[in-house]
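Trainee:
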Amino acid sequence: HLFAQVLTVFLLILVNLLGTRSSGRLQTVIALSVFALVGAFLFKGEINSADLSMPTLTTESIWPITAALGVMFWCFVGIEAFAHMGEEFKNPQRDFPIAIIVGCFVAGATYWACSVVILKFGAYGSAQFDNASIPWLSAHLLGDS
2 HLFAQVLTVF
12 LLILVNLLGT
22 RSSGRLQTVI
32 ALSVFALVGA
42 FLFKGEINSA
52 DLSMPTLTTE
62 SIWPITAALG
72 VMFWCFVGIE
82 AFAHMGEEFK
92 NPQRDFPIAI
102 IVGCFVAGAT
112 YWACSVVILK
122 FGAYGSAQFD
132 NASIPWLSAH
142 LLGDS
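In the numbering used here, the protein residues as written are 2 to 146.
Right under this line is the structure:
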């Protein structure tokens, strides 16, 4: 584990030294990889219209859903990243709100699509899945090798 930790810190320092443009390219590659993985889950999981039905909302489920949306917004949209990149926008008054709104919709759609697959395959609700549902789905749908 120590090797992986040191390697991660080294790579983060390297990306930082390469500058904003390189960091942006890396972020793009990471985002496209996430979209490709979720797309592969949808395809290999043979998701159909029956899998897309929304469960009924109850008063007990509102707070956990709200907490999940908060995590989704913070992790996927990265509002703090947008706040630090305000100077990168050519017209921040116009472009910043558009970026936030589009980011919310793209992140929400990605989060929802991943949730559909997790719900279909029951990859939730146990200690095994609390921190490892995505690796389990990857192994289950895409194979271990």
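For glycine and all other residues, C-beta sits at the position ideal for the given N, C-alpha and C. Nothing here was measured: the structure is a model prediction, and the numbers come from that model.
State the CB to CB distance for the pair ALA124 and LEU143, rounded to an integer number of angstroms; the pair is presumed to be in contact (CB under 8 Å).
Mentor: The sequence position of residue 124 within the sequence shown is 123, counting from 1. The sequence position of residue 143 within the sequence shown is 142, counting from 1. Incorrect: roughly 14 Å between the Cβ atoms, too far for contact.
Trainee: How many Å lie between LEU53 and MET73 at the Cα?
Mentor: Indexing the sequence shown from 1 puts residue 53 at position 52. Indexing the sequence shown from 1 puts residue 73 at position 72. Each residue's Cα considered, the two are about 19 Å apart.
Trainee: Here's the rule: buried if 16 or more other CB atoms are within 10 angstroms of the residue's CB, otherwise exposed. What is PHE42?
Mentor: The residue given as residue 42 occupies position 41 in the sequence shown. By the neighbour-count rule (16 or more Cβ atoms within 10 Å), PHE42 is buried.
Trainee: Could you check which residue in VAL107, GLY25, VAL118 has the C-alpha nearest to that of GLU89?
Mentor: As a working mapping, residue 89 is identified with position 88 in the sequence shown. Of VAL107, GLY25, VAL118, the residue nearest in Cα terms is GLY25.
Trainee: My parser needs the alpha helix (DSSP H) runs of 4 or more residues fully inside the region 20 to 67; what are they?
Mentor: If we require 4 residues or more, the alpha helix (DSSP H) runs fully inside the region 20 to 67 come out as 21 to 45.
Trainee: In angstroms, rounded to a whole number, what distance separates the CA positions of LEU120 and VAL7?
Mentor: For this step, residue 120 is matched to residue 119 along the sequence shown. For this step, residue 7 is matched to residue 6 along the sequence shown. Approximately 35 Å between the Cα atoms of the pair.
Trainee: Taking Cβ positions, are THR111 and VAL30 nearer each other than 7 Å?
Mentor: For the purposes of this step, residue 111 is identified with residue 110 of the sequence shown, where counting begins at 1. For the purposes of this step, residue 30 is identified with residue 29 of the sequence shown, where counting begins at 1. Cβ atoms of THR111 and VAL30: not closer than 7 Å.
Trainee: Tell me the rounded alpha-carbon separation between PHE122 and ALA128.
Mentor: Locating residue 122 in the sequence shown gives position 121, counting from the first residue. Locating residue 128 in the sequence shown gives position 127, counting from the first residue. Roughly 16 Å between the two C-alpha positions.
Trainee: Buried or exposed for CYS76, going by 16 or more other Cβ atoms inside 10 Å?
Mentor: Within the sequence shown, residue 76 is the residue found at index 75, counting from 1. With fewer than 16 other Cβ atoms within 10 Å, it is exposed.
Trainee: In whole angstroms, give me the CA-to-CA distance for ALA114 and GLU61.
Mentor: Here residue 114 is taken as the residue at index 113 of the sequence shown, counted from 1. Here residue 61 is taken as the residue at index 60 of the sequence shown, counted from 1. For ALA114 and GLU61, the distance between alpha carbons rounds to 23 Å.
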